[in-house]
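S.K.: Quick one: structure below, then a few questions.
Residue numbers (my numbering): 916 to 1542.
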C-alpha cells in the first residue's frame, strides 16, 4: 500500500536517499522536516536538516520492515487506515468555502427584522413520498383560501399544527437572521410584505408564511424593570390591586425615587430584583412585543416607561443601555460558522461542487435512456429489456449502465422519488471518482495520507517489537537492571518521624519517649498517647524524599517555612539517607522505559544492516534549515 501511495509524483522530485531498493524524495523529507521543526516551544529543540535526517531514516527503516512483514496487508490495519483516510478526505469532497457575497447577505439580514405568521402542517423528516405529497397538497388548498381573502389568522387557528396557533393565530412576531430554521428564514426574507409563500419544507413539516412587515434591526437594549405579577387566571380584584401598586410606584419614581431601590424592595421578579431590576441585553425580536415595543420606544438612558401590561403582569421599565448591531468585521466569524452549519448553504455549495466535477470529468449521459429507466423505476416495472446493459452515463473513462443504478436504488430508502435517487446516484459516482483521484490531484493530501499510513504501521510494529516485548520480558529487564543499577538513584532522603504536637506538655512527653528509645515503633507511640481518641499529636513515620512533606523539606533541606508551622510544637526525629540506587521495584517504570530504548537502539542497528541506506549529500545540502 505504502509503495503505491509514495510513488505518486516522485519522478518529478529529486531522490534524497534510498533505503534498500526504495527511493525517498527530497520533497517528502522537507515536508516532515518543516512540520516537526516549526512552532516549537523551545528553539533549542530545532534541528538542522543534517541532524534531522538520522531521525527520518530510522522512521523510514521501521516502516520498511513493517511493509516487508506484511503488516499493511492485515485486515485490522486496512480498516483503521481506511477510517482515517475517509475522515481526511471529507473536506476535499465538498465545497465549504463561504463567499463574501453570502457573508454580506447574511449580515444584511441580521441588520433587519421580518414580522411574519405561519401555518404548519406537521410531517416527519423521513416521511414517504405519499405523505409528503398529501401535506403539500393540503398546504396549497389552505393557501388558495388565503389568496381568495380568508383571514390568515383564522386559517392558522383552524388548520395549523403549531400548538401556539390557537392563541396567536400563527403570529411569530419579528425575527432576524439565524433565529428561525434555515428553510423558514430563507423563504421569509425573500417574500415581499403582504406576500404568502408556497409550501416551505423544514424538519417540522410544511409551512405557509405570510410576511406582515419588514424593518431595520434596532440592535439590543438593557433595561431594568419593576413587575407586579398577575395570576394566570386573574380576576378583576387581582388586576385592580396590582394596578394600584404599580401606579403608586410610578408616582414615587416621578418624584425622583431611585428605580433600583424600588425594584429591590417591591418587584415580584425576584431574580432581577436582587440586581436592581436589571435584565440581560435583548433584541426587539427576542422579547415579547408587549414588553419590547415600549422598551425600544424609550429614547434617553434613564427614561422610564408608563405602566405597561404583559401576560405576566404590570411593569415599569427603565432604559439602562443601547447598542446597535455590531459591525460586519466583528460579526464575520459568527456568521461564517452559522453559514457552514446552514443546510441550505451547504446544499447549494455541494450542488455547485457537483457541477464543477461534471465539467472536470467530462460527464456525459444518455438522457433518453435515463428517462426510460426512471419511468420503469417509478412504475416499479422490472421488465427491463436489453437496454439495461447499455451505457447510461460516463465519468472520465468510467461508464455506468442502468443495472448500476438499479443496484444503487435498491439500497436506498423507498420514499425517495426516482428523480431524487438518480440525482443522488450521479452525485455519489462523481464523488467516488474524485475520491479515487485525491492523491494524484492534491500533493498535501497525498503526503498527509502517507503520514497516517506510516504512523499506524510504525505504532503497530513498535508495539509488537519493543513495547510488548520489553513489558513481558522479565528476565531481560532484570538482566538490564543488574547491568545498570546506577542508572536511576534516589537523592538524599530522610528516614524518621514527623511530629506535630498540640501543646508543650505533649511534646515534652514525646521527647522523653525518644530519649528512652529512639527506635520506638509508631504504633506503640500512638497507643501510648491514645492519639486516635485524644487528638494530642499528629505523627508520621517513613522515608521522605524532597517534596514529600513540607515540614521535612523545611527542617531538613531548608525549604520555605510551611504555613501554620509552629517552631515549638512541630519537629522531626531521624536520619538522612545518602543517595542510593533505586531498586527495580521502586523504579520499574523508569527501567522499563530505558530497557525499551536499549532494545530500540539494537533494532535500529539491525535494520541498518538489513536495509542499506544511501544519502545524496549534494541534495541534502540544498535544503534550507528551519529558522
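Here a beta-carbon is modelled for each residue, glycine too, at the ideal position from N, C-alpha and C.
1) Would you kindly work out how many angstroms separate the C-alpha atoms of residue 1315 and residue 1275, rounded to a whole number?
2) On the three-pair Cβ rule with 8 Å, is the segment 1361-1375 touching the segment 1487-1506?
3) Three-state secondary structure (DSSP) at residue 1315?
4) Which runs of the alpha helix (DSSP H) fall wholly inside the segment 1097-1160 and span at least 4 residues, in chain order?
5) Leaving out five residues before and five after residue 1197 in sequence, what residues of the same chain have Cβ atoms less than 7 Å from its Cβ?
6) On the DSSP bridge list, what partners appear for residue 1070?
7) Can you tell me whether residue 985 is helix, strand or coil according to DSSP?
8) In chain order, which beta strand (DSSP E) runs of at least 3 residues are fully inside the segment 1480-1530?
9) DSSP three-state label for residue 1435, please.
10) Taking all protein chains shown into account, decide if residue 1524 is buried (16 or more other Cβ within 10 angstroms of its Cβ) or exposed.
11) Measure from the C-beta of residue 933 to each C-beta in chain C and report whether the shortest distance is under 8 Å.
12) Per the DSSP calculation, residue 1388 is bridged to which residue(s)?
13) At what residues does the alpha helix (DSSP H) containing residue 945 begin and finish?
14) List the whole-angstrom C-beta distance separating residue 1497 from residue 1403, where the pair is believed to meet the contact cut-off of C-beta under 8 Å.
15) Indicate whether residue 989 and residue 971 have their beta-carbon atoms separated by less than 8 Å.
16) Could you check what DSSP says for residue 1092 in three-state terms: helix, strand or coil?
17) With distances taken between CB atoms, is the gap from residue 1174 to residue 1223 smaller than 8 Å?
18) Does the Cβ-Cβ distance between residue 1087 and residue 1122 come in under 8 Å?
19) Mind reading off the beta-carbon distance from residue 1141 to residue 1177? Whole number of angstroms is fine, and I expect it under 8 Å.
20) Rounded to a whole number of angstroms, what is the C-alpha to C-alpha distance between residue 1540 and residue 962?
21) Quick one: any contact between the segment 1210-1218 and the segment 1145-1155, if contact means 3 or more CB pairs under 8 Å?
22) Assign residue 1356 to one of two classes, buried (16 or more other C-beta atoms within 10 Å of its C-beta) or exposed (fewer than that).
23) Would residue 1265 and residue 1009 be called neighbours here (beta carbons separated by less than 8 Å)?
24) Among the candidates 1043, 1070, 1292, whose CA atom is the shortest distance from the CA of residue 1056?
25) I need the DSSP call for residue 925, collapsed to helix, strand or coil.
26) Just the Cα atoms here: how many angstroms apart are residue 1360 and residue 1007?
27) When DSSP labels each residue in this structure, what does residue 1533 get in the three-state scheme?
28) Within the same chain, show all residues whose beta-carbon is closer than 8 Å to that of residue 1260, passing over the 5 residues directly before and after it, in chain order.
29) Going by beta-carbon coordinates alone, are residue 1145 and residue 1227 separated by less than 8 Å?
30) Mind checking which residues open and close the beta strand (DSSP E) that includes residue 1308?
31) Going by the DSSP bridge assignment, what does residue 1408 pair with across the sheet?
32) From 1233, 1520, 1290, 1528, pick the residue whose C-alpha is nearest to that of residue 1138; which is it?
33) Compare the beta carbon distance of residue 1081 and residue 1031 with 8 Å and say whether it is the shorter of the two.
34) Is the beta carbon of residue 1421 less than 8 Å from the beta carbon of residue 1451?
35) Do you know whose CA, among 1169, 1235, 1514, 1161, lies nearest residue 1190's CA?
36) Report yes or no: do the segment 1340-1357 and the segment 1303-1315 share at least 3 C-beta pairs separated by less than 8 Å?
M.R.: In terms of the structure at hand:
1) To locate residue 1315, count along the chain shown from 1; it is residue 400. To locate residue 1275, count along the chain shown from 1; it is residue 360. Going by the C-alpha atoms only, they are around 17 Å apart.
2) no
3) Taking the first residue of the chain shown as position 1, residue 1315 is located at position 400. Reduced to three states, the DSSP call for residue 1315 is strand.
4) 1097-1105
5) Taking the first residue of the chain shown as 1, we reach residue 1197 at position 282. So the qualifying residues of the chain are 1135, 1136.
6) On the chain shown, residue 1070 is found 155 positions in, with the first residue counted as 1. Beta-bridge pairing links residue 1070 to no other residue.
7) For the purposes of this step, residue 985 is identified with residue 70 of the chain shown, where counting begins at 1. DSSP places residue 985 in coil when its eight states are reduced to three.
8) 1485-1492, 1528-1530
9) Numbered from 1 along the chain shown, position 520 holds the residue referred to as residue 1435. Looking at residue 1435 - three-state DSSP - the assignment turns out to be coil, as it is neither helix nor strand.
10) In the chain shown, residue 1524 corresponds to position 609, counting from 1. Exposed is the call here.
11) The structure shown contains no chain C; it holds only a single protein chain.
12) Residue mapping note: residue 1388 aligns to position 473 of the chain shown, counting from 1. Its beta-bridge partners do not exist; DSSP assigns none.
13) Within the chain shown, residue 945 is the residue found at index 30, counting from 1. Taken as a continuous stretch (DSSP letters only), the alpha helix (DSSP H) holding residue 945 covers 941-952.
14) Within the chain shown, the letter at position 582 stands for residue 1497. Within the chain shown, the letter at position 488 stands for residue 1403. Rounded, the Cβ-Cβ distance is 5 Å, consistent with contact.
15) Sequence index remark: in the chain shown, residue 989 carries index 74 (1-based). Sequence index remark: in the chain shown, residue 971 carries index 56 (1-based). No, they are not a contact pair.
16) To locate residue 1092, count along the chain shown from 1; it is residue 177. Of the three classes helix, strand and coil, the one that applies to residue 1092 here is coil, per DSSP.
17) In the chain shown, residue 1174 corresponds to position 259, counting from 1. In the chain shown, residue 1223 corresponds to position 308, counting from 1. Going by C-beta atoms, residue 1174 is not nearer than 8 Å to residue 1223.
18) Against the chain shown, residue 1087 aligns to sequence position 172. Against the chain shown, residue 1122 aligns to sequence position 207. Cβ distance not < 8 Å, so residue 1087 and residue 1122 don't count as in contact.
19) Position 226 of the chain shown holds residue 1141. Position 262 of the chain shown holds residue 1177. That belief holds up - the Cβ atoms of residue 1141 and residue 1177 are roughly 6 Å apart, short of 8 Å.
20) Taking the first residue of the chain shown as 1, we reach residue 1540 at position 625. Taking the first residue of the chain shown as 1, we reach residue 962 at position 47. Approximately 8 Å between the Cα atoms of the pair.
21) no
22) For the purposes of this step, residue 1356 is taken as the residue at position 441 of the chain shown. Exposed.
23) By 1-based counting over the chain shown, the position of residue 1265 is 350. By 1-based counting over the chain shown, the position of residue 1009 is 94. Yes; because the gap between Cβ atoms is below 8 Å, this pair is in contact.
24) Position 141 of the chain shown holds residue 1056. The shortest C-alpha separation from residue 1056 is found at 1070.
25) As a position in the chain shown, residue 925 is number 10, starting the count at 1. For residue 925, the predicted structure reports a pLDDT of 42, less than 50, and the residue's modelled location is therefore unreliable. A value from the coordinates is still provided. DSSP places residue 925 in helix when its eight states are reduced to three.
26) Translated into the one-based positions of the chain shown, residue 1360 becomes position 445. Translated into the one-based positions of the chain shown, residue 1007 becomes position 92. Near 9 Å, if we compare the C-alpha coordinates of residue 1007 and residue 1360.
27) Taking the first residue of the chain shown as 1, we reach residue 1533 at position 618. If DSSP states are grouped into helix, strand and coil, residue 1533 belongs with the helices.
28) Within the chain shown, numbered from 1, the residue matching residue 1260 stands at position 345. Once the five neighbours on either side are set aside, the close Cβ partners of residue 1260 are 1013, 1017, 1097, 1254.
29) Residue numbering aside, residue 1145 sits at position 230 when the chain shown is read from its first letter. Residue numbering aside, residue 1227 sits at position 312 when the chain shown is read from its first letter. Yes.
30) Here residue 1308 is taken as the residue at index 393 of the chain shown, counted from 1. Counting along the chain, the beta strand (DSSP E) containing residue 1308 begins and ends at 1308-1310.
31) Stepping through the chain shown from its first residue, residue 1408 is reached at position 493. Answer is 1492.
32) Counting from 1 along the chain shown, the entry for residue 1138 is found at position 223. Ranking the options by Cα distance to residue 1138, first place goes to 1233.
33) Position 166 of the chain shown, counted from the first residue, corresponds to residue 1081. Position 116 of the chain shown, counted from the first residue, corresponds to residue 1031. No, the Cβ-Cβ distance between residue 1081 and residue 1031 is not below 8 Å.
34) Against the chain shown, residue 1421 aligns to sequence position 506. Against the chain shown, residue 1451 aligns to sequence position 536. The answer is yes: Cβ separation under 8 Å.
35) Here residue 1190 is taken as the residue at index 275 of the chain shown, counted from 1. Checked all of 1169, 1235, 1514, 1161; the closest Cα to residue 1190 is 1235.
36) yes
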